[in-house]
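If you're matching positions, the sequence shown starts at 94 in this note's numbering and goes up one per residue. C-beta atoms are modelled at their ideal positions from N, C-alpha and C, and glycine is treated no differently. All figures in this text were calculated on a predicted structure; none of them were measured in a lab. Since the structure comes first, as structure tokens, the remarks are kept for the end.
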Amino acid sequence: MAPTLLIDVDGTISDSLAGIQASFRTAMEEVDHPIPDDSFMSTLAGPPMRDSMAKIGLSGDRLDAAMRAYRAAQTDGGWADTRMFPGWVELLDGWRADGIRLATATSKGGHFARKVLAEFGILDRFDFIGAADDGGDRHHKDDVIEHTLRVLGLPAVRRDIDGDSGDSGDDGNGGDDGNGGDALPGVVMIGDRIHDVEGARRFGVPAILVGWGYGPDDERDRADAVAHTPDQLDRMAREMLGL
């Protein structure tokens, strides 16, 4: 079985917060809902957008209308208001050259994930684009990871992680899943938010959070490792994969 990296998109590969925020504001205006404060707006990259909208009181038809407006704004150009964080071309090329299988695991819709990665010129580096299904029930990170693991032919057995925040650490040791069980061998998640850590841990996958993403320090403290530079990320990923 080839060693496998599952990689988040927004906040990990793509610096997309500005475009997400702009589309969110458009959606709020469409349904005549107050725009939240800056602290909330800073959290929009990462969680499923429907969950973020529900947190500010939208539900039912208004929530559906806001989601339609958000997707329309993204389609009209919001998806392109992004840039790639430095170092990813070299990382992906190096991993592929060494036989590491690459897949995304993003709460972004698959259509927009492919458009962003194609715009960056790196879509062809990935063996599979694991993403949310805007027309179905696959929105949360654990559901995306489960789908991605299954498509890749890997075990996708859910574990009970309730009440366990996992241990902090940055030594690159992925031998434990943070819940007292064995980690799924040969698979590592790379992301920037707690959703990546918790979603991966649900399947015994250790997670590295990147220091350049949108997650606050308290979320990074719960990761198996934190990488602050592309070189650190490369080293930690290889160590966790046992290479």
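For P141, collect the residues of the same chain with a Cβ closer than 7 Å to its Cβ; drop the 5 residues on either side in sequence, then sort them by chain order. S200, A225, H232, H233
Once DSSP output is grouped into helix, strand and coil, what is the label at D149? One detail in the question is off: residue 149 reads as Ile in this sequence, not Asp. In this structure, I149 counts as coil in the three-state DSSP scheme.
Buried or exposed: M94, going by 16 or more other Cβ atoms within 10 Å of its Cβ? M94 comes out exposed.
CA-CA distance, R251 and F296? If you take the alpha carbons of R251 and F296, they lie about 5 Å apart.
Name the DSSP bridge partner or partners of A276? For A276, which the question treats as bridged, DSSP gives no partner whatsoever.
Comparing the CB of I222 with every heavy atom of the ligand GDP, is any distance shorter than 8 Å? The ligand GDP is not among the ligands present in this structure, which contains no ligands whatsoever.
According to the neighbour-count rule (16 or more other Cβ atoms, all chains shown, within 10 Å of its Cβ), is E291 buried or exposed? buried
Restricting to Cα atoms, I'd like to know which of A196, L195, I222 is closest to K208. I222
With a threshold of 16 other CB atoms inside 10 Å of the CB of R286, please say whether the residue is buried or exposed. It counts as buried.
Burial state of L336 (16 or more Cβ within 10 Å): exposed
Alpha helix (DSSP H) segment containing L99, residue limits: Taken as a continuous stretch (DSSP letters only), L99 belongs to no alpha helix (DSSP H), being part of the beta strand (DSSP E) at 97-100.
Verify whether the separation of the beta carbon atoms of D101 and G139 is less than 9 Å. yes
Could you have a look at M282 and say whether DSSP puts it in helix, strand or coil? It is a strand residue.
Please state whether DSSP places M329 in a helix, a strand or coil. helix
Does the beta-carbon distance from S116 to A166 come in below 9 Å? yes
Decide if A111 is buried, meaning its Cβ has at least 16 other Cβ atoms within 10 Å, or exposed. By the neighbour-count rule (16 or more Cβ atoms within 10 Å), A111 is not buried but exposed.
Check the DSSP bridge columns for D108 and list the partner residues they point to. R176
If I measure Cβ to Cβ from W305 and keep anything under 6 Å in the same chain, skipping five residues before and after, which residues do I get? Within its own chain, the residues whose Cβ lies closer than 6 Å to the Cβ of W305, once the five positions on either side in sequence are excluded, are F178, listed in chain order.
How is the beta strand (DSSP E) around L195 delimited, first residue to last? 194-202
Excluding the five sequence neighbours on either side, which residues of its own chain have a C-beta within less than 6 Å of the C-beta of L210, listed in chain order? L216
State the start and end residues of the unbroken alpha helix (DSSP H) segment that holds L336. No alpha helix (DSSP H) holds L336; DSSP gives it neither H nor E.
Run through the stretch 113-171 for me and flag every whole alpha helix (DSSP H) of 4 or more residues, listed as ranges in chain order. 131-134, 142-148, 153-168
By alpha-carbon positions, which one of A158, E122, I113, D125 ends up nearest to T136? I113
Beta carbon of G180 nearer than 9 Å to that of L277: no
Taking just the CA atoms, how far does A162 sit from A300? 33 Å
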